[in-house]
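Below is one structure, written out as structure tokens; comments come after it.
2 protein chains.
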Amino acid sequence: MTDNSRAATRVCTIIEQRIASGAYRDGDKLSEVALAEQLEVSRTPLREAFQTLAAIGLVELIPRRGAFVKRPSMTRLVEMFEVMAELEAWCVRLATRRMTAAQRLYLRQAALDCERALKEGAADRYHEANNRLHGKIYEASGNQVLAEEAQRMDRRLRPFRRRQLDVSGRLAASMREHGGFLDAMERGEADKAADLMRAHIMSLSTTYDRYLAMLGETADDHPADS
Amino acid sequence: MTDNSRAATRVCTIIEQRIASGAYRDGDKLSEVALAEQLEVSRTPLREAFQTLAAIGLVELIPRRGAFVKRPSMTRLVEMFEVMAELEAWCVRLATRRMTAAQRLYLRQAALDCERALKEGAADRYHEANNRLHGKIYEASGNQVLAEEAQRMDRRLRPFRRRQLDVSGRLAASMREHGGFLDAMERGEADKAADLMRAHIMSLSTTYDRYLAMLGETADDHPADS
DNA sequence: GTCGTTATTCTTGTATGCAATCCGCTAAGG
DNA sequence: CCTTAGCGGATTGCATACAAGAATAACGAC
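Chains as they are written, first to last, in the numbering used here: chain A, 11 to 236; chain B, 11 to 236.
Following this line, the structure appears as structure tokens:
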């Protein structure tokens with residue numbers, strides 16, 4: 011999405027997916043030479059990817075020891091959702107008062123795009139529109155730092171968001187919630203809109219519960235040695 | 011403090027200081043070859059430092075363009091404070107209900123240490139105790155992800171926090187505020203404690219206003235070479 | 001004279017080689 | 001038999017060399 015031509019970013023995405031998909035287990039050591047050979051890149055961009063992943067908390071970087079997978083536990087994932095929910099709720103609260111007319115129109119349009127994509131079963135377009143919607147809310151908060159934090163937390167959660175579309179029942183409800191907090195925002199009910207957004211985010215976490223439970227089967231056994 | 015033997019970390023600290031001290035101006039390009047030569051390291055650890063600094067938000071990394079200093083403007087610094095205040099307020103709200111007896115004692119002790127250090131004029135010990143106090147509150151929130159975010163935002167602000175002790179009048183007030191929200195926390199008044207903490211953080215930002223104004227003046231002269 | 005194009009040069013991105021450090025194994029001593 | 005010191009293998013950290021992309025400047029066409 012950002013820059014596929016860079017090996018570092020490509021590798022970063024791959025590792026991200028592998029951690030999210032459960033291919034790597036928590037605490038696994040990521041050997042530089044082995045991974046470099048397997049992914050057909052040199053160690054330099056790989057190390058760069060490790061840095062990025064460490065910044066979003068997906069790997070732990072111990073000096074002169076190496077990179078270790080830090081796949082979030084169930085409780086940790088829920089905690090991430092709580093933080094995300096609070097950040098987005100705050101964005102909504104601010105955006106309710108501060109958003110411009112253009113931004114309001116943009117939000118409605120994005121919500122429409124979501125709906126249409128869902129009807130047509132276009133998963134990619136749904137995600138794209140959904141990201142636009144949330145991203146515009148961050149922006150409309152008027153606090154750029156807050157917007158960046160929200161965006162960052164969103165990115166941290168994204169790898170675990172893949173299967174979301176599989177649960178089709180959840181999506182229809184999600185659409186209604188979009189309409190809900192957008193309505194509240196347009197009516198100027200900041201607190202209510204914030205609450206709706208918080209609930210919207212947290213309800214997503216239930217989806218992830220199932221996802222993590224699936225993962226849990228491969229992750230819970232703890233040989234303690236390897 | 012973490013690992014001085016690594017060139018990358020050393021370089022990272024140096025650049026961090028330079029940005030905070032105003033040696034670099036916002037938007038300045040950090041040339042890899044020039045800096046590498048000046049700091050007497052190769053480009054590899056330097057690039058690593060750039061990654062770390064980008065993660066904290068002190069530099070912006072544009073693919074195939076380079077690293078650019080992102081020294082916060084006055085409005086941006088205030089925004090960072092707003093986010094910090096909200097994060098800490100949330101920490102306090104949670105910690106009020108969740109903190110253990112041991113944590114409560116620890117907080118009181120840290121507050122005492124602050125007070126003593128202030129009386130004795132020991133700036134370092136004050137900062138250390140103050141960091142312990144706030145850090146323990148993050149921890150007591152019971153949400154590890156939230157705690158890490160707060161810690162991270164704190165670190166982002168730290169380079170700009172150097173001269174805080176110079177404003178002595180502010181410090182005494184700061185001490186009273188410590189007592190204020192600790193009291194509220196112990197009485198179980200979560201919302202009130204949160205409000206007090208938010209006010210505590212935001213009142214710090216006024217100190218920074220002066221700091222930034224000072225920076226603005228010194229930042230203007232541009233030796234360009236050294 | 002201005003705009004578009006292309007070539008040159010500078011910078012970033014990647015690969016590889018070398019040095020320092022850590023881990024595990026072996027062997028010697030208690 | 002257990003503990004510990006020393007050694008060898010393997011891995012990370014750093015430096016340098018090479019490749020690819022971007023900015024710039026020069027050139028030519030209109």
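Beta carbons: idealized from backbone N, C-alpha and C, even for Gly. None of the values given here were measured: they were computed from a predicted structure.
Put simply, the backbone Cα of M195(B) is about 39 Å away from that of R142(A). Bridge partners of K39(A) according to DSSP: F78(A). Taking 8 Å as the upper bound for CB-CB distance, G37(B) and F78(B) are in contact here, some 6 Å apart. Annotation: R81(B) to T85(A) spans about 36 Å, alpha carbon to alpha carbon. Here K129(A) is exposed, its C-beta having fewer than 16 other C-beta atoms within 10 Å. Bridge partners of L71(B) according to DSSP: A77(B).
E98(B) and C124(B) have their C-alpha atoms some 18 Å from each other. Only exposed fits L115(A), as fewer than 16 other CB atoms lie within 10 angstroms of its CB. Interface with chain A (8 Å Cβ-Cβ cutoff): P169(B) is excluded. Closest option to L87(A), judged by alpha-carbon separation, among A204(A), L167(A) and A64(A): L167(A).
With a contact defined as Cβ atoms closer than 8 Å, E89(A) and Q154(B) qualify at about 6 Å.
The three-state secondary structure of V51(B), taken from DSSP, is coil. Between I29(B) and L68(B), the gap from beta carbon to beta carbon is short of 8 Å.
Q113(B) and S41(A) have their C-alpha atoms some 39 Å from each other. Look at M195(A) here: in three-state DSSP terms it is helix. If you draw a 10 Å sphere on the C-beta of Q27(A), you find fewer than 16 other C-beta atoms in it, and that means exposed. Chain-ordered, the chain A residues with CB closer than 9 Å to the CB of R16(B) read P73 and R74. Taking C-alpha positions only, K146(A) is separated from E159(A) by approximately 14 Å.
With respect to the C-alpha of S83(B), the residue from Y34(B), A59(B), G179(B) and K202(B) having the closest C-alpha is Y34(B). Under the DSSP assignment, R166(A) falls in the alpha helix (DSSP H) whose first and last residues are Q154 to L167. For F91(B), the uninterrupted alpha helix (DSSP H) run begins and ends at M84 to R108, by DSSP.
E96(B) has its alpha-carbon roughly 25 Å from the corresponding atom of T62(B).
Here Q161(B) has G145 and Y148 as same chain residues with Cβ atoms under 8 Å from its own Cβ, once five neighbours each way along the sequence are excluded. In this structure, S184(B) keeps its C-beta atom at 8 Å or more from the C-beta atom of F91(B). Think of a sphere of 7 Å around the beta carbon of E58(A): the chain B residues whose beta carbon falls inside it are Q61, in chain order.
Residues of the segment 84–105 of chain A with a C-beta atom less than 7 Å from some C-beta of chain B are R86, E89, M90, E92, V93, E96 and W100, listed in chain order.
The alpha-carbon of A133(A) is positioned some 44 Å away from that of V21(B). Sequence-ordered contacts of the segment 39–58 of chain B with chain A read E58 [C-beta pairs closer than 7 Å].
Across the segment 145–156 of chain B, CB contacts with chain A closer than 8 Å involve N153, Q154, V155 and L156, in sequence order along the chain. Within chain B, A65 have C-beta atoms less than 7 Å from the C-beta of A65(A), given in sequence order. The beta carbon of V43(B) sits closer than 8 Å to those of R53, all from its chain and outside the five residues before and after it, given in chain order. The C-beta distance from M207(B) to F191(B) rounds to 5 Å, short enough to fall under 8 Å. In the assembly as shown, S151(B) is a buried residue. Its beta-carbon has 16 or more other beta-carbons within 10 Å. In the three-state reduction of the DSSP assignment, G190(B) falls in the helix class, which pools H, G and I. The residues A127, in chain order, have a CB closer than 6 Å to that of R135(B) in the same chain once the five nearest residues on each side in sequence are set aside.
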